[in-house]
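In our numbering, the protein residues as written are 143 to 483.
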Ligand code: NAD
Ligand code: WQD
C-alpha cells in the first residue's frame, strides 16, 4: 500500500480527497496545522471510511517536524493542499501569504528532496490564468495574476517547473476551477471561518438563515445574464482527480513526468444567477439577493478546457450543478455552524 503525505488534509478539499484515496487503496498521512480546519473533519472522514487516519498536527513552516515525518514514513508522493486561500486577506497581508504558501512549499520540497520523495501533486488554481484571453481555458494559456494569493500559486508553479527541469522531480499541478458541494453523507463540507468570500457557501448560509441576503457582484458583464460566469466543480469529482493524478504517477514510476499542469473543471460555465436559481430549484429554499457593483479583480467568465484531464489522467467530472446544490444543502442544513454545530 503506497503512503501519501497529505498536507492540508483536514481542509475542505483535503478531507474529501482522503476518502477517495482510501477507497483507491492508498494510505494517507495527514499533516495540517489546523489553521483553517477542524480535527472533527478527520473524525468524520474516519467514520465514513470505517478506519483510522494518521494525523500529524504540524506546520509546513516547521522544517524539523517535516523531517521527522519523512523519517517515520516512506512516502510515494505528497498531495500538497496546505495553503492560505483568502484573496482579500492576501491583499492586506501579502507577507503572511508568501511565507505560508511559498516558503512553506520550499520547505516541503527541500525535505522531500532530502528523503528522495520526488512526486508531488500541487493544489494550483484557475486564478493563475488571470483574465483569460480565450475560452475555454487550456493549460497552455498565458499565466498572470492580479492578487498576492494568485501570485503565490503562480510562484510555486514556477518553482516546481525549475525543480522538475533540474532533477527527477515530478509535479502535477492541478488547476482547480471553482470547487463546490460536499460529501453525500452531509457530514463533511466547506466550513468558512468568517463570512464566506465564495459564492456557494454564501448562498447556502443565506438559505439557512445565517446571512440575510446575497449580493450579486455586477450584472453588466458580457455574459448570458450580465453576471459572472464560472466553472463550478463538485468537490468529490475534484478529489477523484487527485487519485487519477496519483495513479498516473504510479504507472509512470521510474519514468520522468516532469512538470505537468492539468485543469480540473467541468468545461461548463454557469452564471451567478444560474447558480442561485439551480440552488433554489434543487433545494426548495429561498435565496434573497440584491444586485450590487462589481467586485474588484473579478473577471467576466472563466471555464476550463478539460481535454487534457481526460486524455492524460483519464478523468472527467461526473456530477452536475444540481447534485452539488443538493449535497451543499445537506451539509449546510445538518451543520448550520459547520464543525462547530
Ligand atoms: P482549506 O483552507 O479548507 O484547506 C487548507 C488546509 O491547509 C487547512 O486545513 C489549513 O489548516 C491547512 N494549512 C494552511 N496553512 C498550513 C501550514 N502552514 N501548515 C500546515 N497546514 C496548513 O482550503 P481548500 O479549499 O481545501 O483548499 C486546498 C488547497 O487548494 C489550497 O492550497 C487552496 O489554495 C487550493 N485551491 C482552493 C480552491 C477553492 O476554491 N477552495 C480553488 C483553487 C485552489
Ligand atoms: C464566483 C462568482 C463573483 C460572492 C475564487 C478565487 C480563486 C479560487 C476560487 C482559490 C463571481 C460572484 C461571489 C458573492 C457574488 N480560489 N459572487 N457574490 O472569484 O471565481 O474564485 O475562488 O484558488 O482563486 O479568486 O469565486 O466564489 O468568489 O465568485 O456575486 O457574495 O460569484 O463575482 O462572479 P472566484 P467566487
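Note that the Cβ used here is the ideal one computed from N, Cα and C, for glycine as well.
Computed from a predicted structure; not experimentally measured.
> Got a sec, what are the start and stop residues for the alpha helix (DSSP H) residue 421 sits in?
Replying inline: On the chain shown, position 279 is the one that residue 421 refers to. Element bounds for residue 421: 414 to 425.
> With respect to the alpha helix (DSSP H) encompassing residue 376, which residues constitute its N-terminal and C-terminal limits?
Replying inline: Looking up residue 376 in the chain shown gives position 234. It is not in any alpha helix (DSSP H) - residue 376 instead sits in the beta strand (DSSP E) that spans 374 to 376.
>> Which of the three DSSP states is assigned to residue 317 in this structure?
In response: As a first step, residue 317 must be located in the chain shown, where it is residue number 175. It is a strand residue.
>> Which residue marks the beginning of the beta strand (DSSP E) containing residue 403, and which one marks its end?
In response: Within the chain shown, numbered from 1, the residue matching residue 403 stands at position 261. Note, residue 403: beta strand (DSSP E), 401 to 406.
> From residue 398 to residue 169, what distance separates their C-alpha atoms?
Replying inline: Locating residue 398 in the chain shown gives position 256, where the first residue counts as 1. Locating residue 169 in the chain shown gives position 27, where the first residue counts as 1. Approximately 23 Å, taken between the alpha carbons.
> Applying the criterion that 16 or more other CB atoms from any shown protein chain within 10 Å of the CB defines a buried residue, is residue 293 buried or exposed?
Replying inline: For this step, residue 293 is matched to residue 151 along the chain shown. Burial call: buried.
>> Given 7 Å as the limit, tell me if residue 359 has its C-beta closer than that to any heavy atom belonging to ligand 2.
In response: Taking the chain shown and counting its residues from 1, one reaches residue 359 at position 217. At least one heavy atom of ligand 2 is nearer than 7 Å to the Cβ of residue 359, so yes.
>> Please list the terminal residues of the continuous alpha helix (DSSP H) segment that includes residue 253.
In response: Reading the chain shown from its first residue, position 111 is the one you call residue 253. Where residue 253 is concerned, the enclosing alpha helix (DSSP H) stretches over 246 to 256.
> Say the cut is 7 Å; is the CB of residue 154 nearer than that to a heavy atom of ligand 2?
Replying inline: Position 12 of the chain shown, counted from the first residue, corresponds to residue 154. False, no ligand heavy atom lies under 7 Å from that Cβ.
> Relative to ligand 1, is the shortest distance from any of its heavy atoms to the C-beta of residue 271 smaller than 7 Å?
Replying inline: Counting from one through the chain shown, the residue named residue 271 turns up at place 129. Not so, every heavy atom of ligand 1 lies at least 7 Å from the Cβ.
> Going straight from the alpha carbon of residue 434 to that of residue 418, what length do you get?
Replying inline: Numbered from its first residue, the chain shown carries residue 434 at position 292. Numbered from its first residue, the chain shown carries residue 418 at position 276. Residue 434 and residue 418: Cα-Cα distance of roughly 15 Å.
> Residues bridged to residue 261 by DSSP?
Replying inline: Counting from one through the chain shown, the residue named residue 261 turns up at place 119. The partner list for residue 261 (beta bridge, DSSP) reads 312.
> Which ranges does the beta strand (DSSP E) cover as unbroken runs of at least 3 residues, wholly within the segment 324 to 380, from first to last along the chain?
Replying inline: 356 to 359 and 374 to 376
>> Assuming contact is defined by CB atoms lying nearer than 8 Å, are residue 250 and residue 239 in contact in what I supplied?
In response: For the purposes of this step, residue 250 is taken as residue 108 along the chain shown, with counting starting at 1. For the purposes of this step, residue 239 is taken as residue 97 along the chain shown, with counting starting at 1. The answer is no: Cβ separation not under 8 Å.
> In the segment 161 to 234, which residue ranges form an unbroken alpha helix (DSSP H) of at least 4 residues, counting only runs that do not cross its ends?
Replying inline: 181 to 191, 205 to 214 and 229 to 234
>> Across the segment 385 to 400 and the segment 336 to 354, are there enough close Cβ pairs to call them in contact, namely three or more that are closer than 8 Å?
In response: no
>> Shorter than 7 Å, the distance from the beta carbon of residue 459 to the closest heavy atom of ligand 1, or not?
In response: On the chain shown, position 317 is the one that residue 459 refers to. No, ligand 1 has no heavy atom inside 7 Å of this Cβ.
> Closest by CA to residue 303, which one among 336, 375, 272 and 266?
Replying inline: Numbered from 1 along the chain shown, position 161 holds the residue referred to as residue 303. The shortest Cα separation from residue 303 among 336, 375, 272 and 266 belongs to 266.
>> For the beta strand (DSSP E) containing residue 463, name the first residue and the last one.
In response: For the purposes of this step, residue 463 is taken as residue 321 along the chain shown, with counting starting at 1. Taken as a continuous stretch (DSSP letters only), residue 463 belongs to no beta strand (DSSP E), being part of the alpha helix (DSSP H) at 463 to 476.
> Roughly how many angstroms separate the alpha carbons of residue 206 and residue 191, rounded to a whole number?
Replying inline: On the chain shown, position 64 is the one that residue 206 refers to. On the chain shown, position 49 is the one that residue 191 refers to. Spanning the two alpha carbons is a distance of roughly 31 Å.
> Regarding residue 227 and ligand 2, is the C-beta to nearest heavy atom distance less than 7 Å?
Replying inline: If you number the chain shown from 1, residue 227 lands on position 85. True, at least one ligand heavy atom lies under 7 Å from that Cβ.
>> Taking the alpha-carbon of residue 446 as reference, which of 317, 467, 414 and 359 has the nearest alpha-carbon?
In response: Within the chain shown, numbered from 1, the residue matching residue 446 stands at position 304. When only C-alpha atoms are compared, the closest one is 317.
> Can you list, in chain order, the residues of its chain whose CB lies under 6 Å from that of residue 450, leaving out five sequence neighbours each side?
Replying inline: If you number the chain shown from 1, residue 450 lands on position 308. The residues are 281 and 404.
> Going by beta carbon distance, what residues of the same chain come within less than 6 Å of residue 330, once the five residues before and after it are set aside?
Replying inline: Residue numbering aside, residue 330 sits at position 188 when the chain shown is read from its first letter. The answer, listed in chain order, is 157, 183 and 186.
>> So residue 323 and residue 376 are supposed to be a Cβ contact under 8 Å. How far apart are they, rounded?
In response: If you number the chain shown from 1, residue 323 lands on position 181. If you number the chain shown from 1, residue 376 lands on position 234. Correct: roughly 4 Å between the Cβ atoms.
> residue 348: which of 432, 270 and 277 sits nearest, CA to CA?
Replying inline: Indexing the chain shown from 1 puts residue 348 at position 206. When only C-alpha atoms are compared, the closest one is 432.
> Can you round the beta-carbon distance between residue 147 and residue 173 to whole angstroms, since I take them to be within the 8 Å contact cut?
Replying inline: Locating residue 147 in the chain shown gives position 5, where the first residue counts as 1. Locating residue 173 in the chain shown gives position 31, where the first residue counts as 1. Sure, about 6 Å apart at Cβ, within 8 Å.
> Given a threshold of 16 other Cβ atoms within 10 Å of its Cβ, counted over all protein chains shown, does residue 159 qualify as buried or as exposed?
Replying inline: In the chain shown, residue 159 corresponds to position 17, counting from 1. The residue is buried, with at least 16 neighbouring Cβ atoms inside 10 Å.
> From which residue to which residue does the beta strand (DSSP E) around residue 147 run?
Replying inline: Start at 1 with the first residue of the chain shown, and residue 147 comes out as number 5. Element bounds for residue 147: 145 to 149.
>> Closer than 8 Å is the cut-off here; do at least three beta carbon pairs connect the segment 210 to 217 with the segment 229 to 247?
In response: no
> Regarding residue 350 and ligand 2, is the C-beta to nearest heavy atom distance less than 7 Å?
Replying inline: Here residue 350 refers to the residue found at position 208 of the chain shown. No, the beta carbon of residue 350 sits no closer than 7 Å to any heavy atom of ligand 2.
>> Give me, in chain order, the residues of the same chain whose beta-carbon lies closer than 6 Å to that of residue 437; leave out the 5 immediate sequence neighbours on both sides.
In response: Taking the first residue of the chain shown as 1, we reach residue 437 at position 295. Result list for residue 437: 359, in chain order.
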